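Let me begin by presenting the structure, written as structure tokens, before commenting on it.
There are 2 protein chains.
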Amino acid sequence: MLTREQQFMAQERARSYLARAGIVLTPRESQDIEVADFGLGELATTGLELVVYVNTERVCAKELVMFPRQTCPEHRHPPIDDEPGKEETFRCRWGLVSLYVEGEPTAHPVARPPVGHEQTYTVWHEIVLHPGEQHTIAPNTLHWFQAGDVGAVISEFSTRSRDECDIFTDAHIRRAPLLQETSPSEHSDA
Amino acid sequence: MLTREQQFMAQERARSYLARAGIVLTPRESQDIEVADFGLGELATTGLELVVYVNTERVCAKELVMFPRQTCPEHRHPPIDDEPGKEETFRCRWGLVSLYVEGEPTAHPVARPPVGHEQTYTVWHEIVLHPGEQHTIAPNTLHWFQAGDVGAVISEFSTRSRDECDIFTDAHIRRAPLLQETSPSEHSDA
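Sequences listed follow chains A and B, in order. Counting in my numbering, the final residue of the first sequence is number 219, and the numbers go up one at a time with none missing. Counting in my numbering, the final residue of the second sequence is number 219, and the numbers go up one at a time with none missing.
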């Protein structure tokens, strides 16, 4: 669970990464940056900051911000009703991101899974994306990704996004963000 | 019809606009920038420069470059087979673009259609996009757009792109680019 303070700090930091990548947001988008800790309460290692530009029944586009070595944990997008799962293309805009997908495991991967969660990372075919490079993930296939030492800004182009339907390898993960409400006494401390 | 020289010059110019917008391309993407004159041979007024990042059966993402006052002519994306037409979101990244869609005509629009083609511009509901602003076009609805005085860089997020199926109000338009082949004698002049 995230505190309001943690959320605020992460939003502020994400804004500085987006600015470095030359990406302009509206004031509303800037204020509403989503901070996802996947319910693990370890945002520095497992987390993602997101700006959703559009998400209709057919198309979704987002910017993803990742702090240095922050990891989006392993998951897949299953078929829903008569539609195949979400198809997504990640395009690195700034920094560096290592993407792991199903396939031949890479002998010496650059990423390390968050400590204590190693067993929930099972696919190890590595694709390293520098700015301008991209990769498309087929529906319903496992993947995870981690930013390099300076962090990353990544554009995601995809079919409709239904985060609540994602299936994570780590059963403890909750994709919907839970925010800890600040009590009046905490306010008076500020 | 475009000459190779015109294509080369437009690509070079488009690269400088993308760089100003902070957008990084791979060397291959940079080399392959598409220059569309819509068959009118008046690229400075009717034209578009494009980088297609991805175009699968379900999702498409592009960057569009427009030189100052360059216009993408009026068209719509019709239904094909059992699919509704292409749905597209335009997000201004740099410069300014005025978008015209079906609806109440704007009294004093900022754009002027290319001279001699005025009668092929029939929708006049104006939406002006500054950097960070975006608009989604419903399938099968008429639209056209023109860059402001400094030009524009625009991200397009959409369903599958099938340019060859677009229906233009101007019956003279050919979306597929025709390139004039350079003859050996022209080469020796260079």
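For glycine and all other residues, C-beta sits at the position ideal for the given N, C-alpha and C. Please read all numbers here as calculations on a predicted model, not as lab measurements.
Taking CB distances under 8 angstroms as the criterion, tell me whether A50 of chain B reaches chain A.
The sequence position of residue 50 of chain B within the second sequence is 21, counting from 1. Among the residues facing chain A, A50 of chain B is included, as its CB has a counterpart in that chain under 8 angstroms away.
Looking at chain A, which residues of the stretch 43-76 of chain B have a Cβ within less than 8 angstroms of any of its Cβ atoms?
Legend: CB atoms of the stretch 43-76 of chain B lying less than 8 angstroms from CB atoms of chain A belong to residues A50, G51, I52, V53, L54, T55 and E58.
How many angstroms separate the CA atom of C101 of chain A from the CA atom of T135 of chain B?
Start at 1 with the first residue of the first sequence, and residue 101 of chain A comes out as number 72. Start at 1 with the first residue of the second sequence, and residue 135 of chain B comes out as number 106. C101 of chain A and T135 of chain B: Cα-Cα distance of roughly 45 angstroms.
Terminal residues of the continuous beta strand (DSSP E) containing Q175 of chain A?
Taking the first residue of the first sequence as position 1, residue 175 of chain A is located at position 146. Taken as a continuous stretch (DSSP letters only), the beta strand (DSSP E) holding Q175 of chain A covers H172 to S187.
Just to confirm the assignment, what range does the alpha helix (DSSP H) spanning Y46 of chain A have?
Numbered from its first residue, the first sequence carries residue 46 of chain A at position 17. Looking at the DSSP string, the run of the alpha helix (DSSP H) that includes Y46 of chain A is R33 to R49.
Does the beta-carbon distance from G124 of chain A to V64 of chain A come in below 8 angstroms?
Taking the first sequence and counting its residues from 1, one reaches residue 124 of chain A at position 95. Taking the first sequence and counting its residues from 1, one reaches residue 64 of chain A at position 35. Against a cut-off of 8 angstroms, the Cβ pair of V64 of chain A and G124 of chain A comes out as no contact.
Which runs of the beta strand (DSSP E) at least 3 residues long sit entirely within the stretch 77-148 of chain A? Give them in chain order.
Runs found: 77-84, 89-95, 100-105 and 117-130.
Quick one: does F174 of chain B have its CB under 8 angstroms from some CB of chain A?
Indexing the second sequence from 1 puts residue 174 of chain B at position 145. For F174 of chain B, the answer is no, since every Cβ of chain A falls outside 8 angstroms of its Cβ.
L72 of chain B - partner residues in DSSP beta bridges
Within the second sequence, residue 72 of chain B is the residue found at index 43, counting from 1. Note: L72 of chain B sits in no beta bridge, so no partner.
Please confirm if T170 of chain A has its CB atom under 8 angstroms from at least one CB of chain B.
Locating residue 170 of chain A in the first sequence gives position 141, counting from the first residue. It does not; no Cβ of chain B falls within 8 angstroms.
Whether or not the stretch 162-170 of chain A and the stretch 66-79 of chain A are in contact is what I'm after, with contact meaning three or more pairs of Cβ atoms, one per stretch, closer than 8 angstroms; do they touch?
With a cut-off of 8 angstroms, the stretch 162-170 of chain A and the stretch 66-79 of chain A do not count as touching, because too few Cβ pairs lie within range.
CB contact below 8 angstroms: V88 of chain B versus chain A
In the second sequence, residue 88 of chain B corresponds to position 59, counting from 1. V88 of chain B counts as touching chain A.
DSSP three-state call for E162 of chain A: helix, strand or coil?
Start at 1 with the first residue of the first sequence, and residue 162 of chain A comes out as number 133. Correct three-state label for E162 of chain A: coil.
Cα-Cα separation, E71 of chain B to A176 of chain B
The count along the second sequence starts at 1 and reaches residue 71 of chain B at position 42. The count along the second sequence starts at 1 and reaches residue 176 of chain B at position 147. When rounded, the separation of the alpha-carbon atoms in E71 of chain B and A176 of chain B is 15 angstroms.
Chain A residues whose Cβ lies nearer than 8 angstroms to that of S187 of chain B
Taking the second sequence and counting its residues from 1, the one referred to as residue 187 of chain B is at position 158. In chain order: V88.
Cβ pair E131 of chain A, V88 of chain B closer than 8 angstroms:
Sequence index remark: in the first sequence, residue 131 of chain A carries index 102 (1-based). Sequence index remark: in the second sequence, residue 88 of chain B carries index 59 (1-based). No, Cβ-Cβ distance for E131 of chain A and V88 of chain B is not below 8 angstroms.
Using a beta-carbon distance cut-off of less than 9 angstroms, what residues from the stretch 93-126 of chain A approach chain B?
Listed by position, the residues of the stretch 93-126 of chain A near chain B (Cβ gap below 9 angstroms) are P113, E116, E117, T118, R120, C121, R122 and W123.
To the nearest angstrom, how far is the alpha carbon of G114 of chain A from that of P168 of chain A?
By 1-based counting over the first sequence, the position of residue 114 of chain A is 85. By 1-based counting over the first sequence, the position of residue 168 of chain A is 139. In this structure, the straight-line span from the alpha carbon of G114 of chain A to that of P168 of chain A is close to 5 angstroms.
Using the beta-carbon of each residue, which ones in chain E are nearer than 8 angstroms to G161 of chain A?
Looking at the structure shown, chain E is missing, and the protein chains on hand are A and B.
Give the residues of chain B in contact with V83 of chain A, contact being defined as C-beta atoms less than 9 angstroms apart.
Walking along the first sequence from the start, residue 83 of chain A turns up at place 54. Contact annotation for V83 of chain A against chain B: T118, R120, Q163, T165 and F186 [CB-CB distance below 9 angstroms, chain order].
Since I believe I62 of chain B is in contact with V80 of chain B (beta carbons under 8 angstroms), could you give me their beta-carbon distance rounded to a whole number of angstroms?
Here residue 80 of chain B refers to the residue found at position 51 of the second sequence. Here residue 62 of chain B refers to the residue found at position 33 of the second sequence. That pair is a contact at about 6 angstroms.
Among A:R191, A:F96, A:P142 and A:S184, which one has its Cα closest to the Cα of D110 of chain A?
Counted from its first residue, the first sequence places residue 110 of chain A at position 81. The shortest CA-to-CA distance from D110 of chain A to any of A:R191, A:F96, A:P142 and A:S184 is the one to A:R191.
Hey, L158 of chain A and C121 of chain A: beta-carbon distance below 8 angstroms or not?
Locating residue 158 of chain A in the first sequence gives position 129, counting from the first residue. Locating residue 121 of chain A in the first sequence gives position 92, counting from the first residue. Yes; because the gap between Cβ atoms is below 8 angstroms, this pair is in contact.
Let me check one thing: in DSSP terms, what residues is I156 of chain B bridge-paired to?
Here residue 156 of chain B refers to the residue found at position 127 of the second sequence. B:L128.
Name the one or two DSSP bridge partners that V64 of chain B has.
To locate residue 64 of chain B, count along the second sequence from 1; it is residue 35. Under DSSP, V64 of chain B takes part in a beta bridge, and its partners are B:E78.
So, under 8 angstroms CB-CB, V152 of chain A and H172 of chain A are touching, yes? Tell me the CB distance rounded to an integer number of Å.
Sequence index remark: in the first sequence, residue 152 of chain A carries index 123 (1-based). Sequence index remark: in the first sequence, residue 172 of chain A carries index 143 (1-based). Under the criterion of beta carbons closer than 8 angstroms, V152 of chain A and H172 of chain A qualify as touching, at roughly 7 angstroms.
Whose C-beta lies closer than 6 angstroms to the C-beta of A142 of chain A among residues of the same chain, with five residues either side of it excluded?
Translated into the one-based positions of the first sequence, residue 142 of chain A becomes position 113. Note on identity: in this sequence residue 142 of chain A is Pro, with Ala being the wrong assignment. These residues qualify, in order along the chain: Y150.
Please tell me whether R10 of chain A and F119 of chain A are closer than 8 angstroms, where the distance is taken between their beta carbons.
Outside the modelled stretch of chain A, which goes from 30 to 219, sits residue 10 of chain A, for which no answer is possible.
Cβ-based burial, E155 of chain A [other Cβ within 10 Å; buried from 16]:
Taking the first sequence and counting its residues from 1, the one referred to as residue 155 of chain A is at position 126. Its Cβ being crowded by 16 or more others within 10 Å, E155 of chain A is buried.
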